[in-house]
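The sequence shown: position 326 = 1385 (our numbering), numbered continuously.
Positions of the beta carbon are idealized from the N, C-alpha and C atoms, including for glycine.
Predicted model, so just to flag it, every value in this text is computed and none were measured.
In what follows, a single structure is set out as structure tokens and then discussed.
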Amino acid sequence: MSTYTPSPRTKQWILAFGFWTLLALSYALSAGLSQISEGNPPTWDRMVIWNLTNFWLWMLLVPAVAWLGRSTANLGWGRFCLVHIPASLLLALVQAVVRISVFWALCGPRQPTVHTLGQYLEGEFVGNFHLSVLTYWIVLAVLRGMESRRHLQNERLRNARLETQLVQSQLQALRMQLRPHFLFNTLNAISALALKEPMRARRMIARLSDLLRLTLEQRHSQLVSLSRELEFVRSYLSIQQERFHDRLETEFDVTDDSLHAEVPSMILQPLVENALRHGLLAKPTSGNLRIIARREGEYLNLAVEDDGLGPPADGGKEGVGLGATRERLRVMFEDAASLHMHEREGGGTRVELRMPFRAAATAGAA
């Protein structure tokens, strides 16, 4: 036998109904106790109906107030007031008129001198309209506070996820850069060159030191300037060029207006590593690696392309580097960023990144 499980939206309405009902009953109880303290017999039925009608109507109007609040969340104070002052007057008018009319229909007037709904509205409207306007602004303030709190929680969760992904990316980059055979081969190359070509050996040591320094400096940074990211990539490629200088050529095609763009830290290194491992280093002849950066309006376009073996004919399974890069872009920019890999015109592979352009606070040397 299956049990019914209410949907999240149904649960919200149940909680809202319970909240507004309890609020109405508490007001009715307070009014009744006030009458008793004054020596008058309490009219419980009228007070309960009056307050239930009042608060249930506001329960039905809350979605409209919430929608107006979301629609004006990013507007200035002038446009905010231009929307909400008329809206508060209109909704308060509707709420007050409907509440008084419903109460008239259910309970009738308390004063024997009142004989028509128009007379009752005239007598009750003045005393209740300003309370309805005040209630509108209280509801709006509470809803905006709850929305701001939710956004803050989501932002904290998003930042925590970014921090986790950054750490994972850094660990992956370190494993890719400092895995034993890479480090040992680099040290062996330095050792072999120490006697034959000491200046070249010193350059490799210096570049390996720069790579380690930059990696440690960026360990806490989620975003860096593109110039800083390119400095890191150059340090990595300089070591590869010392090892394979006769088989590897690199080119940076970067416009000046893109250098101060803010990009995720270590976003290019996995793509460069992927191009070297799967495209160029397995190529029997020399190859070319090219990094391109362009600003196009509100977007930054990056590309890493090589003239190597090209992507697998069957598409192949996306590797860890590309998968991690795609996921970082999705978490950081949602649908505003993209990553595409395809065959380069003329042979080879091209990986393209597109993300919103954001100017970095400071731009390191390129």
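Secondary structure of HIS1319 (DSSP, three-state): coil. Sorting LEU1134, VAL1201, ARG1105 and ALA1418 by C-alpha distance to the C-alpha of CYS1166 places ARG1105 at the top.
CA-CA distance, ASN1347 to GLN1224, rounds to 31 Å.
Assigned with DSSP and collapsed to three states, ARG1403 falls in coil, not helix or strand.
Of the other Cβ atoms in all chains shown, fewer than 16 fall within 10 Å of the Cβ of GLY1137; this residue is therefore exposed. Where PRO1329 is concerned, there is no enclosing beta strand (DSSP E), although the alpha helix (DSSP H) around it starts and stops at 1328-1334. Counting only runs that start and end inside the stretch 1246-1307, the alpha helix (DSSP H) elements of at least 4 residues fall at 1257-1276 and 1285-1302. Non-local beta-carbon contacts of GLY1406 in its own chain, meaning distances under 7 Å to residues more than five positions away in sequence, involve ASP1366 and GLY1369 in chain order. Rounded to whole angstroms, the separation of the alpha carbons of THR1069 and ASN1099 is 42 Å. The way I'd put it, the stretch 1205-1222 doesn't touch the stretch 1150-1164; fewer than three beta-carbon pairs between them come closer than 8 Å.
Taking C-beta atoms under 8 Å as the contact rule, MET1391 and PRO1323 qualify, at a distance of about 6 Å.
If you draw a straight line from the Cα of LEU1318 to the Cα of ALA1383, it is about 24 Å long. With contacts defined as CB atoms closer than 8 Å, VAL1192 and SER1147 qualify as a contacting pair. Burial state of TRP1126 is exposed, judged by a 10 Å Cβ sphere holding fewer than 16 other Cβ atoms. The beta-bridge partner set that DSSP reports for TYR1358 consists of GLU1355 and PRO1415. Only exposed fits VAL1201, as fewer than 16 other CB atoms lie within 10 angstroms of its CB. In the assembly as shown, ARG1287 is a buried residue. Its beta-carbon has 16 or more other beta-carbons within 10 Å. For SER1130, the enclosing alpha helix (DSSP H) has its first and last residue at 1103-1130. Between the alpha carbons of LEU1082 and CYS1140 lies a distance of about 28 Å.
In the three-state scheme derived from DSSP, where H, G and I count as helix and E and B as strand, THR1344 is classed as coil. Inclusion of GLN1281 and LEU1221 in the CB contact set at 8 Å is warranted, their separation being smaller than that value. Less than 8 Å separates the beta-carbon of GLU1411 from that of ASN1360.
For GLU1364, the pairing in a beta bridge is given by DSSP as ARG1349 and ARG1409. Cα atoms of THR1408 and MET1258: separation of roughly 34 Å, rounded to the nearest angstrom.
Linking GLY1077 to ASN1110 through their CA atoms gives a straight-line distance of about 14 Å.
By the CB criterion at 8 Å, THR1309 and ARG1354 fall outside the cutoff. The C-beta distance from ASP1305 to SER1345 rounds to 7 Å, short enough to meet the 8 Å contact threshold. Around the C-beta of ILE1350, 16 or more other C-beta atoms lie within 10 Å, and the residue is accordingly described as buried. Annotated as proximal: TRP1079 and TRP1117, with beta-carbon spacing under 8 Å. For SER1160, the uninterrupted alpha helix (DSSP H) segment begins and ends at 1136-1166.
DSSP places SER1324 in the coil class of the three-state scheme, outside both helix and strand. Burial is judged here by how many other beta carbons sit within 10 angstroms of a residue's own beta carbon; ARG1387 has at least 16 and is buried.
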